[in-house]
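With the first letter of the sequence shown counted as 1, position 3 gets the number 215 in the working numbering; the numbers rise by one all the way through.
Cβ coordinates follow ideal geometry from the N, Cα and C atoms, glycine included.
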Amino acid sequence: MRRGLIWIVGALVAGAVAWSAGWFIGRSAVTDRIATAAQELDARGWTLTIGSQSVGGFPLDYVVELTDVGLIQGDTGMLVRVPKAVIRRGEGEMLHADLPDGATIDLPQSTARVQADPSLPPVYRVRLTGEGIAMRVPEADPAARGELLATSAALTLEQEYRGHQMAADFAEARLSWEPDADAIDLTAGSIAVRSSGQTDGGPRVALTISAEQAELGYVSDAAFGAELRELLYASGAGAMELGYRMDTLMVEMDVTDDPQGMDGQYRIRSGAAEGLIGVTSGLLDIEAGTGVNTWTWQGPEQPAVTLTAAETSLRIAGPLSPTTTPQPGQLRVAVTDLTADDAFWAAFDPGTALARDPADLNVAIDGTVRLMARIDLLPPSIAPPYEISNLMIEEVALQALGATARATGDVEILQPVVVPTGQISVEASGVRAVAADLREAGLISPEMITTLNAILEVFARPGDGEDAWVTEVEMGQEGLRVNGQPLQ
C-alpha cells in the first residue's frame, strides 16, 4: 500500500511537471501569435506597437497583458492608443480583451482642409472612457473583424470644434467592424451627443442629441482617408451608405447671449426615426422620416409652446462633387397633421379667431444642379457654389388655418447669365378669409389687408369657388408675364 501511494504521488508530480512544461511551451506559441497578428495588421495597412507584454494565467489558461499599445492606420495617419489590454480566450473561438483604462484616438486632418480652414487643429484627439469596455476579435485572424463592447462609455473630443466642445455618452453599446468590407455597425440602448460653446459673434449654444434603442450602419467601397474623400467630394468610383434607426430621437438646444434676441430653449422629440444617407460617385441621396414629432420652444419668462406633427419625411438628392455638366437633384418635404397646443394658441390667438384645423405641407421639386467646387476644401464662411439649370415643381402645397395654396411649374435657367424661362402656376383658396381672421387676432394691420387685396387684384384672377385665386407666371427672354399680362 505504501508503495502504491508512492506511485500515485509520483504520477501526480510527473503529470504536473508535464502540464507545466506544456503550459510554458504554449506560452511561447502565444507570444508567436502576437507577432503574427502584427504582421496580419501590417498587411491591411495598420502598424502595431506594444510597450510591454506578459503572459500569465498559469496553470489553466493564458492571459496576455499588453501596455502602451498603439495602432497606426497608414493611409489616414489615425492613431489608436490603448494604455492597457488584458486578453484571454472567449466563446466561439474569439479573443476577449478588457480595456480597463479605455483608449484615445488621434484623427489627423488633411493638409488641404487645414489650409482651407485655419481654425481646424491639425489633429483631433477623442478619448474613450467608461465601464465594461472590451474588444472581441477572431483568434484565427484578429485583423479580419472585431467588436467593441461597453456597459457605459463616454467619448470626449479634447479640442474645440469651431468654438464648441463635444462629447458623447453610450449605454449598452456594441460597435462592430469589418475592415476588408469597410463596414461598421453600432447599436446602443441609449446615445447622447453633447456640444456646448460660442462662435465668434454668435450666440452661446448648448446642444444635446439623444436617442433610445439606436442602430447605425455604415458600408463603403472606399477605405477611410483619401480614397473615401475622393468618393465623396471628387466623384470617385464606388458607393457609401450610412443608415440609422432609433425608437426615439430628442434634440435639446439652449440659446443664450444671442445678438438677434432669440434666447430660449428649443426641444424636438421624434418617434421611430430612421433614415439613409448614400453617396454614389459623388451623387448624394438623403432620406429621413419620423413618426410623431413635437417641437417645443420656451423663451425667457415665457410659457412653453408646442407644435406636433403626426408624420414627417425628407429626401434630398444632388451632386456632392463638382462636375462639368448639371446633375439630377431632388427635394421632398412632407409634414402631416401639424397641430398646436393650447399654450401656443393662447399666446397668438386667445380670442379663437383662427381656424384650428391641422396643417399639411408637401414639397416635391426635381431639377438639375451643377456644383462648381469641392466643398471639403472651402472655408466654412463660403457657401458652396451651385448652378441650378432646371426646376420641375411637381408640387409645393400648404394647407393651414382654413386656407390652401398649391404651386406647380417648370423653369429652365440659362447659365451663367441666370435668365429663367418657363412657367409657374399657383392656386389658392381662403386667402381673404385667413387675412380677416389674422386681422381679428391682431396679428396683422388694416394696411396689410389693403396691400393683400391690391396684390390679388394685380397678380391673381378669380378661380373656381368663393375666395379662390389663380396666378399664371410665364418667364422668357422678353421678361415676365402674369396671367397673360406683361409685368412692368
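Exercise. So is A233 buried or exposed if we call it buried at 16+ other beta carbons inside 10 Å?
Worked result: Any reading at A233 is ruled out, since the residue's pLDDT is 45, under 50, leaving its predicted position unreliable.
Exercise. Count the other CB atoms within 10 Å of the CB of E686; is the residue buried (16 or more) or exposed (fewer)?
Worked result: buried
For this session: Using a threshold of 9 Å, state whether the C-beta atoms of A423 and M465 are closer than that.
Result: No, the pair does not count as a contact, with Cβ atoms beyond the cut-off.
Exercise. How long is the line joining the alpha carbons of G621 and S601, rounded to whole angstroms?
Worked result: 14 Å
Exercise. Grouping DSSP H, G and I as helix and E and B as strand, with all else coil, what is A485?
Worked result: strand
Problem set entry | CB contact flag (V292, D310, <9 Å) | no
For this session: Could you check which residue in G289, A255, L461 and V630 has the C-alpha nearest to that of G688?
Result: V630
Exercise. Under 9 Å, do I246 and V275 count as touching if we go by C-beta distance?
Worked result: no
Exercise. Are three or more beta carbon pairs between the region 535 to 546 and the region 568 to 578 nearer than 8 Å?
Worked result: These segments touch.
Problem set entry | Buried/exposed call for S657, threshold 16 Cβ in 10 Å | exposed
Exercise. What whole-angstrom Cβ distance do A711 and A615 have, given they're in contact under 8 Å?
Worked result: Since the first and last residues shown for the chain are 213 and 700, residue 711 lies out of range.
Exercise. Counting along the chain, where does the beta strand (DSSP E) carrying F382 start and finish?
Worked result: Where F382 is concerned, the enclosing beta strand (DSSP E) stretches over H376 to E390.
For this session: May I have the straight-line CA-CA distance separating Q697 from R673, to the nearest angstrom?
Result: 12 Å
Exercise. Taking all protein chains shown into account, do 16 or more other C-beta atoms lie within 10 angstroms of the C-beta of M584, making it buried, or fewer, making it exposed?
Worked result: Residue burial annotation: M584 is exposed, with fewer than 16 other C-beta atoms found within 10 angstroms of its C-beta.
Exercise. Measuring CB to CB, does A653 end up less than 9 Å from G563?
Worked result: yes
Problem set entry | Contacts around A223, its chain only, beta-carbon distance under 6 Å, and the 5 residues preceding and following it disregarded | Residue placement at A223 is poorly supported in this model, since its pLDDT is 39, which falls under 50; the coordinates still yield a value, given next. Correct list: empty, nothing qualifies.
Exercise. Under the three-state reduction of DSSP, which class applies to P698: helix, strand or coil?
Worked result: strand
For this session: Would you tell me roughly how many angstroms separate the C-alpha atoms of A449 and L495, rounded to the nearest one?
Result: If you take the alpha carbons of A449 and L495, they lie about 11 Å apart.
Exercise. What residue ranges within the region 308 to 367 form continuous alpha helix (DSSP H) runs of no fewer than 4 residues, ordered along the chain?
Worked result: 323 to 328
Exercise. In chain order, which continuous runs of the beta strand (DSSP E) of length 3 or greater are located wholly inside the region 523 to 568?
Worked result: 523 to 531 and 539 to 552
Exercise. At which residues does the alpha helix (DSSP H) containing D475 begin and terminate?
Worked result: Where D475 is concerned, there is no enclosing alpha helix (DSSP H), given that its DSSP letter is neither H nor E.
Exercise. Are the beta-carbon atoms belonging to S263 and L278 less than 9 Å from one another?
Worked result: The question names Ser, but residue 263 is Gly in the sequence shown. Cβ distance < 9 Å, so G263 and L278 count as in contact.
For this session: Name the two residues that bound the continuous beta strand (DSSP E) containing V608.
Result: Y598 to A612
Problem set entry | Where V682 falls: helix, strand or coil (DSSP) | strand
Exercise. With a CB to CB cut of under 6 Å and the five nearest residues on each side skipped, what residues in its chain are close to E690?
Worked result: none
Exercise. Using DSSP with H/G/I as helix, E/B as strand and the rest coil, what is P632?
Worked result: strand
Exercise. Roughly how far, in whole angstroms, is the beta-carbon of R301 from the beta-carbon of E351, given that I think they are within contact range, below 8 Å?
Worked result: 7 Å
For this session: Specify, as a first and last residue, the run of the alpha helix (DSSP H) that S571 falls within.
Result: This sequence places Ala at residue 571; Ser is not what is there. Unbroken run through A571 is the beta strand (DSSP E), A571 to L583; no alpha helix (DSSP H).
Problem set entry | S533 versus I498, T259 and S493, residue with shortest Cα-Cα distance | S493
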